[in-house]
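Each residue of the sequence shown is one higher than the last, beginning at 403 in our numbering. Working notes, structure below.
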Amino acid sequence: MRDDPPLPSSPAFWRSPLRGPWFTSVLGVVLLVGVTVLFVTGLMSYAAYNPGLSPVNDKTPDKGILGFYLFAWPTAPHWLYRLNQGVHVTLGITLIPVLLAKLWSVVPRLFALPPARSLGHALERISLLLLVGGGLFEFVTGVLNVQLDYLFPGSFYPLHFYGAWVFCAAFVTHALLKTPMALRNLRHLREEREERNDLVSPRPAEPTVSRRGALSFVGGGSLLLFLTTAGQSFDGLRRSALLAPHGGAVPGGGPNGFQINKTAAYAGIEAVETGEDAWRLVVTGRTGSVRLSRAQLAELPLNSSALPIACVEGWSTSDQWWRGVRLCDLAALVGYDGDPPDLFVESLQRHGSFRRAALRANQVADPLSLLALYVNGEDLSPDHGFPARVIVPAAPGVLNTKWVARMTFGDL
Ligand SMILES: Nc1nc2c(c(=O)[nH]1)N[C@H]1C(S)=C(S)[C@@H](COP(=O)(O)O)O[C@H]1N2
Ligand SMILES: [Mo]
403 MRDDPPLPSS PAFWRSPLRG PWFTSVLGVV LLVGVTVLFV TGLMSYAAYN PGLSPVNDKT
463 PDKGILGFYL FAWPTAPHWL YRLNQGVHVT LGITLIPVLL AKLWSVVPRL FALPPARSLG
523 HALERISLLL LVGGGLFEFV TGVLNVQLDY LFPGSFYPLH FYGAWVFCAA FVTHALLKTP
583 MALRNLRHLR EEREERNDLV SPRPAEPTVS RRGALSFVGG GSLLLFLTTA GQSFDGLRRS
643 ALLAPHGGAV PGGGPNGFQI NKTAAYAGIE AVETGEDAWR LVVTGRTGSV RLSRAQLAEL
703 PLNSSALPIA CVEGWSTSDQ WWRGVRLCDL AALVGYDGDP PDLFVESLQR HGSFRRAALR
763 ANQVADPLSL LALYVNGEDL SPDHGFPARV IVPAAPGVLN TKWVARMTFG DL
């Protein structure tokens, strides 16, 4: 009997000499900072979709009070969404090894018996379950959305959004309970001199690596993920973005040779629909509707803006040089001179969730916001939205509708 191997519920089952309050506290403090940035940039990203403006933009219409913080997303600085989403996705991927190491460092506690010693202890353990489950869930859904863009069910947004709030509630509880102790641990403990603690193995195996060595290993994993992701946002580094499906090496050369999210073929756009004889833009507003061919659009006053495409997946392009008709000038054509209203944009595309988008009045009014006909001195390519696409400063890619067919101005 005496030689029976211990069960996972027994502290003696866990033999790694690395476990202990110092190791767990270091990882915990890194996550405290990192996850807070992930949460804030995630909430910002949702606000940037203009979900309060139109149900078409809102992938979580039942959010209720969770949308309490929504605000009118600004149009400056023009790289705002590029920065926000680059940080959100790159940091999220970089933190994966830290999250896994943190879970590993406290895994004996997940098995500890009895399940609850007191009501307080029971509540703490329930919050831990939500914390671990919610954390893994957020990381997994985030990575799947970036990696399996076309395969992921349309439910990514609600899953990731609600998951974030569940996780946040557990995270705040956990951080309030544990941060003081983690900071105390870091001030008073040395990596080599541990107090007795339920994380420290009562019969540790021989160490094969020091605690610092193990931390370097985790940090090295994070660095590797960072280096193979961050390039998705920078020209010249794109080839290093091995983990970014759309943000990697530039597809083809030439003026239209920058990242494409969905191609014209994927969106079901046929060349016959976009030809000069077939395509007409219908602009509707206070004074009725006008129909414009591409040639007629090209005769309106044209303006230029240097703006990036920045996708929710985290990748972004450098500033491209777009040329087209200002959205506010189109508004003026249909009776809104001076203070343009909101705008509803519809694509030729018949299916797919990003074929329509609502833009807020501040976005329509910005002189950099265009219905672009040209990019980098050439006609838009079919994949970048020929005959015409929207481009708005600081906005997520989703709002830059391609293959535009109808624009309706008016308060939404
Ligand atoms: N009609 C239409 N417009 C669209 C999309 C789409 O699927 N359909 N995708 C959007 C998304 S998610 C992004 S990131 C940008 C990408 O633009 P690009 O392919 O020109 O880089 O286009 C946006 N415009
Ligand atoms: Mo996107």
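Positions of the beta carbon are idealized from the N, C-alpha and C atoms, including for glycine.
Leaving out five residues on either side along the sequence, give the residues of the same chain with a beta carbon under 8 Å from the beta carbon of N658.
Answer for N658: V777, N778, E780, L782, S783, D785 and H786, listed in chain order.
Short of 6 Å in beta carbon distance, which residues of its chain neighbour L729, apart from the five on each side in sequence? Order them along the chain.
V766 and S771.
With which residues is N486 paired in a DSSP beta bridge?
Here N486 is not bridged, per DSSP, to any residue.
Whole-Å CB distance - A790 paired with L775, under 8 Å assumed:
The distance from the Cβ of A790 to that of L775 is about 6 Å, consistent with a contact at the 8 Å cut-off.
Quick one: Cα of V428 to Cα of A759, how far?
In a straight line, the C-alpha of V428 is about 44 Å away from that of A759.
Among K465, P510 and V500, the one whose alpha carbon lies nearest that of G565:
The shortest Cα separation from G565 among K465, P510 and V500 belongs to K465.
E386 burial status per 10 Å Cβ neighbour count (16 or more: buried)
Outside the modelled stretch of the chain, which goes from 403 to 814, sits residue 386, for which no answer is possible.
Candidates L585, A807, I467 and P743, of which the one nearest R752 by Cα
Of L585, A807, I467 and P743, the residue nearest in Cα terms is A807.
For F425, count neighbouring Cβ atoms within 10 angstroms of its own Cβ and tell me buried if that reaches 16, exposed if not.
Buried, because 16 or more other Cβ atoms sit within 10 Å of the Cβ of F425.
Drop a sphere of 10 angstroms on the beta-carbon of E672, count the other beta-carbons inside from all chains shown, and report buried for 16 or more, exposed for fewer.
E672 is classed as exposed because its beta carbon has fewer than 16 other beta carbons within 10 Å across all chains shown.
For A831, which residues in the same chain have their Cβ closer than 7 Å to its Cβ, ignoring the five residues on either side in sequence?
Since the first residue of the chain shown is 403 and the last is 814, residue 831 is not available in this structure.
Does P798 pass the burial test, meaning 16 or more other C-beta atoms within 10 Å, or should it be called exposed?
Per the 10 Å Cβ criterion, buried.
What separation, rounded to the nearest whole angstrom, lies between the Cα atoms of T477 and A734?
Cα-Cα distance, rounded: 20 Å.
Please indicate yes or no: does the CB of T610 lie closer than 7 Å to some heavy atom of ligand 1?
Checking the 7 Å criterion, the Cβ of T610 is out of range of every heavy atom belonging to ligand 1.
Am I right that K504 and L445 are in contact with their C-beta atoms under 8 Å? What's the rounded C-beta distance?
That pair is no contact at about 23 Å.
Can you confirm whether the stretch 711 to 719 touches the stretch 482 to 490 when touching is taken to mean that 3 or more C-beta pairs between the two stretches lie within less than 8 Å?
Contact between the stretch 482 to 490 and the stretch 711 to 719 is present, because at least three Cβ pairs lie under 8 Å.
Helix, strand or coil for F660? Go by DSSP, reduced to three states.
Coil, per DSSP.
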